[in-house]
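Take the sequence shown: its position 48, counted from the start at 1, is 63 in my numbering, and no numbers get skipped.
By construction, the Cβ of each residue, glycine as well, lies at the ideal position given by its N, Cα and C atoms.
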Amino acid sequence: MIRPSMLLRRALQADALVSGAMALLLAFGAGALSPLLALPQPLLLETGLFLIAYAAFVGWLGTRAAMNKPLVLLVIVGNALWTLGSIALLISGAVTPNALGLGFVAMQAIAVGVFAELQFMGLRRSERAAMA
Numbered sequence: 016m017i018r019p020s021m022l023l024r025r026a027l028q029a030d031a032l033v034s035g036a037m038a039l040l041l042a043f044g045a046g047a048l049s050p051l052l053a054l055p056q057p058l059l060l061e062t063g064l065f066l067i068a069y070a071a072f073v074g075w076l077g078t079r080a081a082m083n084k085p086l087v088l089l090v091i092v093g094n095a096l097w098t099l100g101s102i103a104l105l106i107s108g109a110v111t112p113n114a115l116g117l118g119f120v121a122m123q124a125i126a127v128g129v130f131a132e133l134q135f136m137g138l139r140r141s142e143r144a145a146m147a
């Protein structure tokens with residue numbers, strides 16, 4: 016268990032908040048967003064449903080006074096893989112989004128990558144504080 020730095024706590028909480036907002040947008044707006052972004056409706060809907068559970072988990076983790084380091088690492092690695100997966104989706108040809116859809120996927124990939132980096136930095140600060 017680690018005592019989280021303020022940066023780690025806030026990065027997890029911000030991730031949960033943004034992921035929760037995206038979850039609601041995708042879960043309830045998949046039908047409207049699909050033609051607008053030229054992305055498959057099932058992809059948007061299933062992503063939104065996944066993000067509901069993810070946001071709840073990360074939100075819960077962000078409220079702990081002491082955090083399980085493997086769970087924090089799971090979130091960080093998951094975010095890094097999400098970023099890579101989003102980029103891979105775009106270059107794979109599996110989907111053919113229009114310019115707006117391309118920007119939508121790219122921007123969320125960048126945001127998730129930023130969360131991963133902030134969480135990693137926060138974890139490092141937590142570890143350094145524990146050693147001091």
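Item, Value
"Less than 8 Å between the C-beta atoms of L60 and L40, yes or no?", "no"
"DSSP beta-bridge partners for I17?", "M82"
"Do Y69 and S101 have their CB atoms nearer than 8 Å?", "no"
"Give the single residue among G74, G118, Q134 whose Cα lies nearest to the Cα of V92.", "Q134"
"Report the start-end ranges of each alpha helix (DSSP H) in the region 18-74 that is 4 residues or longer and not cut off at the edges.", "21-52"
"Would you give the residue range spanned by the alpha helix (DSSP H) that V120 belongs to?", "114-146"
"Assign W97 to buried or exposed, taking buried as 16 or more other Cβ atoms, counted over all protein chains shown, within 10 Å of its Cβ.", "buried"
"With DSSP as the reference, label W98 as helix, strand or coil.", "Contrary to the premise, residue 98 reads as Thr rather than Trp in this sequence. Correct three-state label for T98: helix."
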